[in-house]
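Trainee: Let me give you the structure first, and then I'll get to my questions.
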Amino acid sequence: MPKITKIALVGYKLSHGGAERVLSDLSIYFNKMGLDVHIILMIDQVTYPYAGTLLNLGKLRNASNSIFNKVKRFVAFKNYVKTQKFDAIIDFRFRVHWLQEIFIFKFIYKGILIQTIHSGRYYSYLFKNKALSNYIFKNFNAIVCVSEGQKNLIKKELHFQNLVTINNAVDITGIQNKLHTSIDLNYKYILAAGRFAPSKQLDRLIETYSVSKLPDLDFHLVLLGQGDEKEVQIINDKIAQVQLADKIHLLGFKDNPYIYLKNALFLVQSSLFEGFPMVLLESLACETPVIAFDCFSGPNEIIINEKNGLLVENQNFESLKIAINRMITDSHLYAECKKNSLSSIQKFDMEHIGQQWMKLLENLVVKK
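Okay, structure coming up:
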């Protein structure tokens, strides 16, 4: 029986993001399973661990990023794929330029092709233009959605038959092994973590925190992550507006965010939309309860309301405030959620999810 032995994982970078974390973890898992893993990156940003051979096309990018420089990177990409003869290619990228994607699809990609979708707004990974999405992706061997909600929506709107749900995985053992260091924070705090972007609505979270009971009870708000200057300025302006600079802390990106998750009372997420939020899984792996909007998509497939956290009516910030207050003041609820945190995500462990990936690859090579 034929089988896949050589695989390419294509992404923008290995840093500062949930999809990037999934790429990182899968490279390590596939390598452990004996596959010849190659990672192809478009941007020269590597902070996450990985396994396998790295082709960093970002190192070929110059300051001008001229058409000639783009062609140079395209040719390097094409030649690498042609030389390596991959059995399968898994693409983790969102879409920027439709013409570029047609060229990649027509002139570079060969073998078994898998596209992954990491956002509730699936068209950022496919295309808003349905004809274009059909032209490129209907013939992929599989479109892997990280949530059932994503899969159902894409099936309804695009009528694709090549859809599969494989949730994001969390490396529980790896995270637990990183919880033995200490942090120098001399205050009790709740935590929000991730990329600083408009869709995360951190300015509204700050406003919600400011009118909750937490400031008066001396519980601080810690924000972990990075974003562009405009978004950081919006956050700083909001902190100044609510006059809580002594209780709201921007700590930037951390190589080991898990120790901050471990020491937080709980994690709160105020996103407008998600895919299958890694930070919720990571928080629960640190035995820290979570609060999140029931946004599209993912939180309601992770959070068991009042068992490992609180699922809040989507975009209802008044309800979010009530949930934050409740998690602080209801000691029985908090103890229940904390007790169940780790056990609630065993089905998302890397070993379990990794086997789903291996099974998918086996099935696709048989069908080919």
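Residue numbers (my numbering): 6 to 373.
Even glycine gets a Cβ: it sits at the ideal position worked out from N, Cα and C.
For clarity, every value in this text was computed on a predicted model and none was experimentally measured.
#1: Got a sec? Which residues, its chain only, sit under 8 Å from Asn261 by beta carbon, not counting five neighbours each side?
#2: Please report how far the alpha carbon of Leu226 lies from the alpha carbon of Thr213, in whole angstroms.
#3: Cutting at 6 Å between CB atoms, please list the residues of its own chain near Ile122, excluding the five before and the five after it.
#4: Does the beta-carbon distance from Leu270 to Ile195 come in below 9 Å?
#5: In the DSSP assignment, find the unbroken alpha helix (DSSP H) run with His185 in it and report its ends.
#6: Which same chain residues, not among the five before or five after Ile3, have their C-beta less than 8 Å away from its C-beta?
#7: Which whole-angstrom value is the C-beta distance of Ser377 and Leu14, which I expect to be below 8 Å?
#8: Apart from the five residues on each side of it in sequence, which residues of its chain come closer than 7 Å, Cβ to Cβ, to Ile113?
#9: Could you name the residues that DSSP lists as bridge partners for His254?
#10: Does the separation of the CB atoms of Asn173 and Phe298 fall below 9 Å?
#11: Shortest alpha-carbon distance to Asp335 belongs to which of Leu316, Thr58, Ser349 and Glu311?
#12: Mind reading off the beta-carbon distance from Gln361 to Ile171? Whole number of angstroms is fine, and I expect it under 8 Å.
#13: Where do the N-terminal and C-terminal ends of the beta strand (DSSP E) with Cys150 fall, by residue?
#14: Might you give, ordered along the chain, the residues of its own chain that have their beta carbon closer than 8 Å to the beta carbon of Lys193, omitting 5 neighbours on each side?
#15: According to DSSP, which residues form a beta bridge with Thr293?
#16: Between Asp233, His337 and Leu285, which has its C-alpha nearest Leu316's C-alpha?
#17: Can you give me the Cβ contacts of Leu255 inside the same chain, cut-off strictly under 6 Å, excluding the 5 residues immediately before and after it?
#18: Tell me the residue span of the alpha helix (DSSP H) that contains Gly154.
#19: Work out the CA separation of Arg98 and Gly23 for me, nearest whole Å.
#20: Determine, using beta carbons only, whether Ser215 and Val237 come nearer to each other than 9 Å.
#21: Under 8 Å by Cβ, that's how I've got Lys379 and Val370 pegged, so tell me the actual separation to the nearest angstrom.
#22: Runs of 3 residues minimum, wholly inside the region 197–251: which ones carry the beta strand (DSSP E) assignment?
#23: Could you spell out where the alpha helix (DSSP H) holding Gln360 opens and where it closes?
#24: Could you give the DSSP three-state label for Asn43: helix, strand or coil?
#25: At the level of alpha carbons, what is the spacing between Thr293 and Asn321?
#26: Quick check: what's the CA-CA separation for Leu249 versus Leu210?
#27: Do you know offhand how far Gly314's Cα is from Leu62's?
#28: Rounded C-beta distance between Leu207 and Ser124? I'm assuming under 8 Å.
#29: Identify whether Val317 lies in helix, strand or coil by the three-state DSSP scheme.
#30: Is any beta-carbon of chain C found at less than 9 Å from that of Lys135?
#31: Taking Tyr55 and Met355 to be in contact with their CB atoms under 8 Å, please state how far apart those CB atoms are, rounded to whole angstroms.
#32: Go to Leu60, then tell me how far its beta strand (DSSP E) extends in each direction, as first and last residue.
#33: For Asn310, name the three-state secondary structure that DSSP assigns.
Mentor: Here's the rundown:
#1: Start at 1 with the first residue of the sequence shown, and residue 261 comes out as number 256. Around Asn261: Lys183 and Thr186.
#2: Within the sequence shown, numbered from 1, the residue matching residue 226 stands at position 221. Within the sequence shown, numbered from 1, the residue matching residue 213 stands at position 208. C-alpha separation (whole angstroms): 11 Å.
#3: Locating residue 122 in the sequence shown gives position 117, where the first residue counts as 1. Tyr130, Cys150 and Gln155, listed in sequence order.
#4: Translated into the one-based positions of the sequence shown, residue 270 becomes position 265. Translated into the one-based positions of the sequence shown, residue 195 becomes position 190. Judged by beta-carbon spacing, Ile195 lies within the 9 Å limit of Leu270, meaning their Cβ atoms are closer than that value.
#5: Your numbering for residue 185 matches position 180 in the sequence shown. Note, His185: premise wrong, no alpha helix (DSSP H); not H, not E.
#6: Nothing in the structure corresponds to residue 3, since the chain is present only between 6 and 373.
#7: Any answer about residue 377 is impossible in this case: the structure gives the chain only from 6 up to 373.
#8: As a first step, residue 113 is located in the sequence shown; it is residue number 108 there, counting from the start. Within the same chain, Ile113 has close Cβ partners Phe82, Lys83 and Val86.
#9: In the sequence shown, the residue the question calls residue 254 occupies position 249. Looking at the DSSP assignment, His254 forms a beta bridge with Val227.
#10: In the sequence shown, residue 173 corresponds to position 168, counting from 1. In the sequence shown, residue 298 corresponds to position 293, counting from 1. Inclusion of Asn173 and Phe298 in the CB contact set at 9 Å is not warranted, their separation being larger than that value.
#11: Within the sequence shown, numbered from 1, the residue matching residue 335 stands at position 330. For Asp335, the nearest C-alpha among the options comes from Glu311.
#12: Taking the sequence shown and counting its residues from 1, one reaches residue 361 at position 356. Taking the sequence shown and counting its residues from 1, one reaches residue 171 at position 166. Right, their Cβ atoms sit about 5 Å apart.
#13: The residue you call residue 150 lines up with position 145 of the sequence shown. In the DSSP annotation of this structure, the continuous segment of the beta strand (DSSP E) that includes Cys150 starts and ends at Ala147 to Cys150.
#14: Residue 193 sits at position 188 when you count from the first residue of the sequence shown. Apart from the 5 residues on each side of it in sequence, Lys193 sits with its Cβ closer than 8 Å to the Cβ of Asp223, Phe224, His225 and Leu270 in its chain, given in chain order.
#15: Reading the sequence shown from its first residue, position 288 is the one you call residue 293. Beta-bridge annotation (DSSP): Thr293 is not paired with any residue.
#16: The residue you call residue 316 lines up with position 311 of the sequence shown. Scanning Asp233, His337 and Leu285 for the CA closest to the CA of Leu316 turns up Leu285.
#17: Looking up residue 255 in the sequence shown gives position 250. Within its own chain, the residues whose Cβ lies closer than 6 Å to the Cβ of Leu255, once the five positions on either side in sequence are excluded, are Leu228, listed in chain order.
#18: What you label residue 154 is simply residue 149 of the sequence shown in a count that begins at 1. Under the DSSP assignment, Gly154 falls in the alpha helix (DSSP H) whose first and last residues are Glu153 to Leu163.
#19: If you number the sequence shown from 1, residue 23 lands on position 18. If you number the sequence shown from 1, residue 98 lands on position 93. The straight-line gap from Cα to Cα measures roughly 12 Å.
#20: For the purposes of this step, residue 215 is identified with residue 210 of the sequence shown, where counting begins at 1. For the purposes of this step, residue 237 is identified with residue 232 of the sequence shown, where counting begins at 1. In this structure, Val237 does not lie closer than 9 Å to Ser215 by Cβ.
#21: Residue 379 lies beyond the residue range present for the chain, which begins at 6 and ends at 373; the question has no answer from this structure.
#22: Along the length of the region 197–251, whole beta strand (DSSP E) runs at least 3 residues long occupy 224–229, reported in chain order.
#23: Numbered from 1 along the sequence shown, position 355 holds the residue referred to as residue 360. That run of the alpha helix (DSSP H) goes Met355 to Lys372.
#24: For this step, residue 43 is matched to residue 38 along the sequence shown. Sequence inspection shows His at residue 43; the Asn mentioned does not correspond to that position. His43 falls in the strand class under three-state DSSP.
#25: Indexing the sequence shown from 1 puts residue 293 at position 288. Indexing the sequence shown from 1 puts residue 321 at position 316. Between the alpha carbons of Thr293 and Asn321 lies a distance of about 23 Å.
#26: Here the question's residue 249 lines up with position 244 in the sequence shown. Here the question's residue 210 lines up with position 205 in the sequence shown. Each residue's alpha carbon lies about 13 Å from the other.
#27: Stepping through the sequence shown from its first residue, residue 314 is reached at position 309. Stepping through the sequence shown from its first residue, residue 62 is reached at position 57. Taking C-alpha positions only, Gly314 is separated from Leu62 by approximately 41 Å.
#28: In the sequence shown, residue 207 corresponds to position 202, counting from 1. In the sequence shown, residue 124 corresponds to position 119, counting from 1. Contact between Leu207 and Ser124 does not hold, since their C-beta atoms are separated by about 18 Å, which reaches or exceeds 8 Å.
#29: Residue 317 sits at position 312 when you count from the first residue of the sequence shown. When DSSP states are grouped into helix, strand and coil, Val317 belongs to the strand group.
#30: Note that chain C does not occur in the displayed structure, where there is just one protein chain.
#31: Indexing the sequence shown from 1 puts residue 55 at position 50. Indexing the sequence shown from 1 puts residue 355 at position 350. Contact between Tyr55 and Met355 is ruled out by a C-beta separation of about 14 Å, above the 8 Å threshold.
#32: Position 55 of the sequence shown holds residue 60. Boundaries of the beta strand (DSSP E) around Leu60: Thr58 to Asn61.
#33: Start at 1 with the first residue of the sequence shown, and residue 310 comes out as number 305. For Asn310, the three-state secondary structure derived from DSSP is strand.
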